[in-house]
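Colleague: Residue numbers (the numbering used here), protein chains in the order written: chain S, 63 to 340; chain D, 4 to 200; chain L, 391 to 831; chain F, 7 to 381; chain P, -4 to 228; chain A, 15 to 207.
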Amino acid sequence: MLTAVIALAALALLAAFGLAIAARVFAVPHNPKADEIEEVLPGANCGACALPGCAELARRIAEGKADIDACPVGGESAAHTIAAIMGMEFEGGAEREVALVLCKGSDQVAAKRFFYNGIYDCNSAVLVFGGDKACTYGCLGLGTCAGVCLFGAIDMVPGGLAVVDPEKCTGCAQCVAACPKGIIKMVPASRKLHILCSSHDKGGVARKHCKVACIGCMKCVKAAPEGAITMDNFLAVVDYSFEIPAEVAAECPMNTIIVTGDAAGACEEPAAAAGGDA
Amino acid sequence: MKEIIRLCFVLTLITAVSAGVLAYVNQQTAEPIARALLEEKMSAVRSVLPPYDNEPDKDMITIMIEGGDSIEVYRGRKDGTVTGAAFAIVASDGYSGDIEFMIGVDGEGVMQGLMVLKHLETPGLGAKIESEDFRGQYSGKSLENTELWEVTRDGGTFIPITGATISSRAITKTSAKGLKLFREHKAEIFEEGEVQE
Amino acid sequence: MGSGRFFGGVHPSYNKGLADSSAIVEMPLPERLVVFFAQNLGVPSQPVVKKGDEVKKGQVIAEAGGFVSTPVHAPTSGTIGSIDIYPSPVGVDAPAAVLVPDGKDEWFEGCNVERSSEGLGVKKIKEMIHDKGIVGMGGATFPTHVKLSPLAEKKMDLLVINGAECEPYLTADHRLMVEHAEGIRDGASLFATVIGVRNVVVAIEKNKPDAIEVMCKAVVGCQGFSVEAMDVIYPQGAEKQLIYTLTKRKVPAGGLPMDVGVLVQNVGTALAAYEAVRYNRPLIQRVVTVTGSGIREPKNVLARVGTRFEDLVKFCGGLEGDAAKCINGGPMMGVAQYSLDAAVTKGTSGLVILRQEEVTQFVSDACIRCARCLEVCPMKLNPSALSIFIEKMRFEDANEYNVMDCIECGCCAYVCPSRRPMVHHFRRAKAEVRKLQRKTG
Amino acid sequence: MARKDLEVLLEDNMEGKTPEEKPAAEPTHEKPAPRPGPRPKKAEVGPRFVVSSSPHMHDGRTVSQIMRFVIIALAPAALYSIYIFGLDALRVILISTASAMIFEAISQKIMKRPVALRDSSAALTGLLLAMNLPSTSPWWLIVVGNFFAIVIAKQLYGGLGYNPFNPALVGRVVLLISFPVHMTARWVTASRFGTDAVTTATPLSQMKESLATLGHIDIAFGREEIFDLLIGNRAGCLGETSVILLALGGLFLIWKRVISWRIPVMFIGAVWAMTGIFHLFDPAHYIDPSFHVITGGLFIGAIFMATDYVTSPVTKKGMLIFGAGCGIITVLIRLWGAYPEGVSFAILLMNAATPLIDRYTKPRVFGAVDTKAAA
Amino acid sequence: MKAWDEFIKGFWSENPIFRLVLGLCPTLAVTTSAENGLAMGFASTFVLVCSNTVISSMRRFVPKKVRIPAYIVAIATFVTIVDLVMNGYFHALHKSLGLFIPLIVVNCIILGRAEAFASKNPVWVAIIDGFGMGFGFTVSLIVIGAIREVIGNGTIFNVSIFGDGYLPLLLMILPPGAFIVLGVLLGLMNKVEIAMAERSGRQPIIRREHDCASCTIHTKWFDFSEKEKPTVE
Amino acid sequence: MPKLVIIIISAVLVNNFVLMRFLGICPFLGVSKRVSTAAGMSGAVLFVMTMASVVTWLIYHYVLVPFGLTYLQTVSFILVIASLVQLVELVLQKLSPALYKALGIFLPLITTNCAVLGVSVLNIQKEFTLLEATIFGAGAAVGFGVAMVLFSGLRERIDLCDTPIPFRGTAIGLVTAGLLSLAFMGFTGLVKL
Ligand SMILES: Cc1cc2nc3c(=O)[nH]c(=O)nc-3n(C[C@H](O)[C@H](O)[C@H](O)COP(=O)(O)O)c2cc1C
Ligand SMILES: Cc1cc2nc3c(=O)[nH]c(=O)nc-3n(C[C@H](O)[C@H](O)[C@H](O)COP(=O)(O)O)c2cc1C
Ligand SMILES: Cc1cc2nc3c(=O)[nH]c(=O)nc-3n(C[C@H](O)[C@H](O)[C@H](O)COP(=O)(O)O)c2cc1C
Ligand SMILES: Cc1cc2nc3c(=O)[nH]c(=O)nc-3n(C[C@H](O)[C@H](O)[C@H](O)CO)c2cc1C
Ligand code: SF4
Ligand code: SF4
Ligand code: SF4
Ligand code: SF4
Ligand code: FES
């Protein structure tokens, strides 16, 4: 019993002490901040920051080579703590933004100009005449954006149209970069009224290509508060810094404007009423 | 430095406690383990010996064989006279490795039983040497009453396991060797010594 | 020389019989012409006309936009009806001038005047080639004057006149050689003078014996000229492969023919250059092979630049049956069109119309790793691995596997039993890799 | 927008039409890319032309055509096996092919993918597995083998083109390991239509057996024996007996450019060379190399199984390495391993090395700058 | 209720094998029969509960920097106890589990729970967690062992179930069978999880990668780095 | 055959640590996503396993046996191995930054995987001499490396496959390991050990 205790304790002592000495002797300069930051990071080594591991990111942040909010998993709370360690301010906390596909033209309403036979991917499809849609601005519906969204926030509706689910969307903007048509925009999550069209074609042409295209009739511009909706080359564009009443949607003769979320119910009735009046 | 000493101390303490606990447990289990190990062997011994009324585990002699190796032989007695012996032999020409098994022999050199102790044969094939069907064939066979200690394939009497002739052959041949060994040392086994206390 | 073989390649069914014996016919002026402003590879030309302008035949309607650019000329005299976006036959929608001919077909002053090409300086010749809008007519439409200005440190020693015309169906170059051998020869000697080489090889595939014969006759007595008959294999006409066949020199990956001292020009380019210098005629018309089973009367048509495919088709008897695919260029490298509104450009060597039953559908089934594509790829790439990488958006890997060296010849897709859209993948990947490279500088 | 809005939006667009398929509720974003649809039969309005990237021609060869070629090449040997093993052989072939196709169809149904029996690859796998079984195989054994071949080794990876291991061989090896008695101990020699068949061991296990019991090789290997071996007059699996017909099938495939000569030639060559060397040095323990070449499953393995596109390298140099590797491992197992035959294991092991081989034998692009010269 | 939740999570939502994908070595090695699975499960549960108890009660006294070696020593002690006791009293089982008893020390589940849970929670919660995890582990081992034993040996808990006519699929009790069975089971569990997630409208939680983040062993053992030292740039 | 050769063949092919004995599954599955990392890991494992074999053998035969403390095997082995690996890491980091870069990130990962402890215990169980133990440790590590590199090649390929969604990742990885193990079954009986 005694031998056991002595032997094992000696072994442990030797190991611990030896290592402690070795750690001194072979000490390599360390950035204490890096260690502190590493504590804060989730330690999942998931690679979301595109670095080999949490330790590496910690080192970079400590050296000022990476942003304090570079870890998407740790999110804001981690960024705040890291900011404290680094003695910096973390602004963050801006209004949450979500992606929105500015097109409403699924195959049921939008015309095609040819039979596309090729890779099922939007970025590939644009290589041949910019895609098979008659409207050259519209969504190709091959789901490249849905493919890059890590959060499954984009649904492809039947008839080929991408739709973002704002509840699942984390605002990472991967889809914005992926869409070859450039029709995905980041919009404040709180805004409910959207004009789902990107076509700068003149009214007649746009109407020919798509039954729900913006024809640039200006009705919504007039109905909305001054400057909230503007005309950009035959396309009505929402300025999201404005709050726009849901009734404006009913003005659109092409049914291009939609109202989402809680406000949807509110919009339905006035719309019906307006229709009745006219 | 102070910090380091503290850490080392904590760790040493924990290890010491651990060592103490283990030493205690070891003390407590040493005997059951020894018993279990012995029991493992003895159950084989018992199953291959002819009827006996002694405690074979206490009646063991060691015989020397050529090459300087020794074999432990357990003796079964009835009313004080040796009726048979059990000993372990190793077949080195098994299919995937050595096969260690225990055989029991009576005074006439007739095999009373065979028990496989350790082997590495293929499951489902060679591993069937453990089966009663196969082992049973050897009971009652002796060098005298059996012409050829070979498997049927080689003209003998023992039916090999299908697809595992090699394992069967190894057992058969080594058993014969064991019986020969027994014959050579019969005198030693049966005559020498009384019950060892 | 000549009987050598490059690695890989395929033997598609050539179907050249549809048009190879029909002489070039000039097409009457259509009701309107659609002239694209961007007609060369490189920097697009800048329009200098506006709606309503009156132009003369050969008048500049778009100026060169930079060094790697050429002017575009009015193909006939008439009025600019409008300027709008049209489907350009190269696969994008692009701005074009609609020219309504006045029927007089009047030359702009100074054009179409014969003069001696003797004693013109190298600089002057190059200038004229540039001014007359000469671009490569072998398909790439690369400005010829640029190719004629090799870097000083590259020692040029051979001019190859590319008469391979390895694409199935097409016979435009073939007919041009049979009917205009002398012009081609004279154009070639112009090029030779400019880059200062003595040796000129006219390389023709063996399946055009009449062209070889005529060409041989034409070069008799010309110092340094020879005609080379080459094995019939696609893509014999691709310049790297052509140079290898003729000289066993390997153009370095990512390099240009001038890196091995060779200049390759198409036969049509030679003829056009000759006419530009000798007659001061800009490049406003070209031979287009209108063929395919979807065309009633396949023909080799001399058409003005700007002739709409609709009019070409009409001129050739209209569409036959169930025409389902319309290709600008040959079926191996050509660009499928979605509408006959597209119009002839300087690079339109053919218009091939295929019927429904001939159209192969790409289906993107899994690669079964049959290795046929590796066997035929003339660039010795691994198209199988490439396409799989690209399918999974692994563009860096594709780059590592040299996707940028793909010449888009289509051999791999031609043989792929899984009907994978290989070239489409590679074009996608090239775009992405360029994007990546731009990002990383 | 929330689900509700999405539905509203859709209704807008549908104008009362009901969608044919519901919005796909995929659990994750990883969805298999749908195929671009073929051109509709007749379009009254709208587009007229098909637009795709070049090229617009194709040599017409299809996957199913290739698979059919292999089946045709295998047919003589299969028919001959019926001739020598009788209706039992036919039974094995039918059960195997059918169960392979059924497993393929079922798993594709379960995975909600188009059922692609038409590409014949499942039928070929079933047939090849049958050729690798003894004629005495009970039906359940065949079905189990095909389950592992098709479901585990092929469909779990996504089906044709993705499996890293040769399915038929996975099936065979699973059976070999699980039912050694059935797979190695119940041979029937060849006879005309299975009449007067006797049970014996295969030549290779006879060789091993004689080595094990006598300590040296004691097998007659004269002209008569060679002839017997060549015409398949011996015990063995359905497909490994008729060496000549297999070789003819191989020539047919090479002629039709379905397979290249590289793998089979290197495979058989490596076996011959390696056993030859051993035979030269120690003929008492190592039998004549020709014996090794014409016995066992070497021919069917080298010609039909090592050449499986999906699981072998695509590069030329890779094929040479692959073939040689298969040969070396085969000999290793045959001479010293537990199993009498090593072809299946050798091919599976080289299958495992295939990704690495492909990676390190990447062809040098035409005109690649010689790095040494450049440096 | 909380206790029950802590206990039952090891069964499904945090099942160490199927959901956390931990401790695969023993899982693959010992599941040749249901009985072995059961024994290994019990042994691991014992160690898990004991080590959780001890570690949770020591959590205040052990300096952070030597916690890992301290934990490991504690775990190794219990493992040795199990080893000795099993050897003495369940000799046959000890023989068939062989090498893998001492290797419980490095089973990621044990140290993982020590690090992630016991060192942060009060003793009683840690004990329940130990039981829960051990229970989940044991059940999973029994399931895998049973499948392999039934198909590969025709028996379950050594009781023959198909009778003599059945020819076992030996593969299942051989090494390749272990990998294949576990892989297929894992895939099927993922399928179930996806289906369940779909029904309740949440994102399925699937651990696709078995990476070292799921195992805490790799953290530095003795942490003697001198953090006070100034940085040298 | 000399025993050392038998030990090597047995450790590398016949009784491959990962594929036949199920030791070291964690790094086998965790660090096999890329061939390059797998190769780096294999190098680190070779280093650690050889070293651990030697050191634990010495501890066992010169400390535990003389004092009759063999029951402390597990505790002492794990302490010693862990300290050793960390020591090596420290030394490497200081003395050979290049080697540290190549192996460094892998060293802590294998400190205590069961392959390392397993090889130490097996060395004792099989009653190897010091030389045999060293060879066995190295051979087992080479076997681990072979399996690992082959597997990483396969995984790179499987990553490009159209595997059914629930099977992606670890599940199909395990099935692949199973098939690889199936192929390795061919080596059974090559040597008897
Ligand atoms: C994987 C495998 C494992 C085998 N295992 C054994 C075995 O454990 N014992 C044995 O005697 N034969 C075994 N054999 C069979 C031998 O190789 C040999 O074929 C057999 O012993 C010949 O006997 P038979 O005449 O009964 O078929 C095994 C064969 C294989 C392929
Ligand atoms: C696959 C492929 C095939 C080609 N085939 C021909 C051809 O048949 N005839 C031809 O003149 N140019 C062909 N080219 C273009 C030549 O490579 C080269 O660009 C051209 O001959 C240069 O002449 P240009 O600038 O006068 O057009 C081909 C190019 C590629 C990539
Ligand atoms: C590339 C190219 C190809 C030409 N091909 C022909 C042709 O095939 N037939 C033809 O008559 N003219 C062709 N021409 C134009 C002739 O060289 C010449 O300009 C035309 O025949 C008119 O000449 P003429 O009216 O003076 O007889 C071509 C010009 C170019 C630039
Ligand atoms: C030349 C050739 C050989 C083949 N050999 C096999 C084979 O050995 N085993 C098999 O299952 N399938 C074989 N196939 C069919 C097919 O490739 C196989 O089912 C795929 O591996 C499944 O993805 C072969 C196909 C070809 C073209
Ligand atoms: S939004 Fe863009 S990326 Fe998404 S399907 Fe439409 S075109 Fe494609
Ligand atoms: S990719 Fe990012 S921004 Fe786009 S929908 Fe998905 S989560 Fe939202
Ligand atoms: S298209 Fe590119 S990859 Fe395909 S064969 Fe031609 S050069 Fe090779
Ligand atoms: S030809 Fe097609 S199927 Fe064959 S290897 Fe190439 S890409 Fe794959
Ligand atoms: S449990 Fe064996 S390495 Fe992790």
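Note that beta-carbon positions come from the ideal geometry of N, C-alpha and C, so glycine has one too.
State yes or no: is the C-beta of residue 189 of chain S nearer than 7 Å to some heavy atom of ligand 7?
Modeller: On the first sequence, position 127 is the one that residue 189 of chain S refers to. Every heavy atom of ligand 7 is 7 Å or more from the Cβ of residue 189 of chain S, so no.
Colleague: Does residue 186 of chain P get closer than 8 Å to chain A when you measure Cβ to Cβ?
Modeller: As a first step, residue 186 of chain P must be located in the fifth sequence, where it is residue number 191. It does; some Cβ of chain A falls within 8 Å.
Colleague: Alpha carbons only, please: which of A/64, A/129, A/76 is nearest the one belonging to residue 18 of chain P?
Modeller: In the fifth sequence, residue 18 of chain P corresponds to position 23, counting from 1. Residue A/129 is the option with its Cα nearest to residue 18 of chain P.
Colleague: Determine the closest residue to residue 167 of chain F out of F/290, F/318, F/117, with distance taken between C-alpha atoms.
Modeller: Working through the fourth sequence from its first residue, we reach residue 167 of chain F at position 161. The candidate whose alpha carbon is nearest that of residue 167 of chain F is F/318.
Colleague: Select from P/135, P/164, P/100 the residue whose C-alpha is nearest the C-alpha of residue 147 of chain P.
Modeller: Reading the fifth sequence from its first residue, position 152 is the one you call residue 147 of chain P. Of P/135, P/164, P/100, the residue nearest in Cα terms is P/164.
Colleague: Which ranges would you report for the alpha helix (DSSP H) in the region 236 to 314 of chain S if only whole runs of at least 4 residues count?
Modeller: 236 to 240, 265 to 271, 281 to 285, 310 to 313, all fully within the region 236 to 314 of chain S.
Colleague: So does the region 151 to 168 of chain F actually touch the region 177 to 187 of chain A, counting three or more Cβ pairs closer than 8 Å?
Modeller: The region 151 to 168 of chain F, when compared against the region 177 to 187 of chain A, does touch it at the 8 Å Cβ threshold.
Colleague: Taking residue 312 of chain F and residue 332 of chain F to be in contact with their CB atoms under 8 Å, please state how far apart those CB atoms are, rounded to whole angstroms.
Modeller: As a position in the fourth sequence, residue 312 of chain F is number 306, starting the count at 1. As a position in the fourth sequence, residue 332 of chain F is number 326, starting the count at 1. Contact flag correct, Cβ pair sits at about 5 Å.
Colleague: In this structure, does DSSP put residue 483 of chain L in helix, strand or coil?
Modeller: Taking the first residue of the third sequence as position 1, residue 483 of chain L is located at position 93. If DSSP states are grouped into helix, strand and coil, residue 483 of chain L belongs with the strands.
Colleague: Going along chain P, which residues have a C-beta under 8 Å from residue 150 of chain F?
Modeller: Counting from one through the fourth sequence, the residue named residue 150 of chain F turns up at place 144. Per Cβ cutoff of 8 Å: 164.
Colleague: Distance check for residue 816 of chain L and residue 68 of chain F, CA to CA, integer angstroms please.
Modeller: Start at 1 with the first residue of the fourth sequence, and residue 68 of chain F comes out as number 62. Start at 1 with the first residue of the third sequence, and residue 816 of chain L comes out as number 426. Taking the straight line from one Cα to the other gives about 22 Å.
Colleague: Compute the Euclidean distance between the alpha carbons of residue 730 of chain L and residue 712 of chain L, then round it to the nearest angstrom.
Modeller: Within the third sequence, the letter at position 340 stands for residue 730 of chain L. Within the third sequence, the letter at position 322 stands for residue 712 of chain L. Whole-angstrom Cα-Cα distance: 15 Å.
Colleague: Check residue 45 of chain P in the structure and name its three-state DSSP category.
Modeller: Locating residue 45 of chain P in the fifth sequence gives position 50, where the first residue counts as 1. Reduced to three states, the DSSP call for residue 45 of chain P is helix.
Colleague: Under 8 Å between the Cβ atoms of residue 222 of chain S and residue 197 of chain S?
Modeller: Here residue 222 of chain S refers to the residue found at position 160 when the first sequence is read from its first residue. Here residue 197 of chain S refers to the residue found at position 135 when the first sequence is read from its first residue. Not a contact, by the Cβ cut-off of 8 Å.
Colleague: In chain order, what residues place their C-beta within less than 6 Å of a heavy atom belonging to ligand 5?
Modeller: After applying the 6 Å Cβ criterion, the set is S/163, S/184, S/201, S/202, S/203, S/204, S/205, S/206, S/207, S/224, S/240, S/241, S/243, S/245, S/246.
Colleague: Pairs of beta-carbons, one from the region 124 to 134 of chain F and one from the region 97 to 107 of chain F, closer than 8 Å: are there three or more?
Modeller: Yes: the two stretches touch, three or more of their Cβ pairs being nearer than 8 Å.
Colleague: Does the separation of the CB atoms of residue 309 of chain F and residue 256 of chain F fall below 8 Å?
Modeller: One-based indexing of the fourth sequence puts residue 309 of chain F at position 303. One-based indexing of the fourth sequence puts residue 256 of chain F at position 250. Going by C-beta atoms, residue 309 of chain F is nearer than 8 Å to residue 256 of chain F.
Colleague: Tell me the DSSP secondary structure of residue 213 of chain S in three-state form.
Modeller: As a first step, residue 213 of chain S is located in the first sequence; it is residue number 151 there, counting from the start. Coil.
Colleague: Residue 25 of chain D CB to nearest chain A CB: under 8 Å?
Modeller: Here the question's residue 25 of chain D lines up with position 22 in the second sequence. So, interface residue.
Colleague: Could one say the Cβ of residue 167 of chain D lies closer than 8 Å to chain A's Cβ atoms, at least one of them?
Modeller: The residue you call residue 167 of chain D lines up with position 164 of the second sequence. By this cut-off, residue 167 of chain D is not an interface position.
Colleague: To the nearest angstrom, how far is the alpha carbon of residue 144 of chain S from that of residue 118 of chain S?
Modeller: Numbered from 1 along the first sequence, position 82 holds the residue referred to as residue 144 of chain S. Numbered from 1 along the first sequence, position 56 holds the residue referred to as residue 118 of chain S. Looking at the two C-alpha atoms, the distance is approximately 15 Å.
Colleague: Report the neighbours of residue 175 of chain S on chain F: residues whose CB is nearer than 7 Å to its CB, in chain order.
Modeller: Along the first sequence, one-based indexing puts residue 175 of chain S at 113. Simply 53.
Colleague: Going straight from the alpha carbon of residue 245 of chain S to that of residue 697 of chain L, what length do you get?
Modeller: On the first sequence, position 183 is the one that residue 245 of chain S refers to. On the third sequence, position 307 is the one that residue 697 of chain L refers to. If I take the Cα positions, the gap works out to 35 Å.
Colleague: Can you pull the chain A residues whose beta carbon is under 7 Å from the beta carbon of residue 158 of chain F, in chain order?
Modeller: Reading the fourth sequence from its first residue, position 152 is the one you call residue 158 of chain F. Simply 189.
Colleague: With 16 other CB atoms within 10 Å as the buried threshold, where does residue 295 of chain S fall?
Modeller: To locate residue 295 of chain S, count along the first sequence from 1; it is residue 233. Result: exposed.
Colleague: Please indicate yes or no: does the CB of residue 133 of chain A lie closer than 7 Å to some heavy atom of ligand 7?
Modeller: Numbered from its first residue, the sixth sequence carries residue 133 of chain A at position 119. No, the Cβ of residue 133 of chain A stays beyond 7 Å of every heavy atom of ligand 7.
Colleague: So for residue -1 of chain P, helix, strand or coil by DSSP?
Modeller: Taking the first residue of the fifth sequence as 1, we reach residue -1 of chain P at position 4. Here residue -1 of chain P sits in helix by DSSP.
Colleague: Is DSSP giving residue 489 of chain L helix, strand or coil here?
Modeller: Position 99 of the third sequence, counting from 1, holds the residue named residue 489 of chain L. In the structure shown, residue 489 of chain L sits in a strand (DSSP, three-state: E or B).
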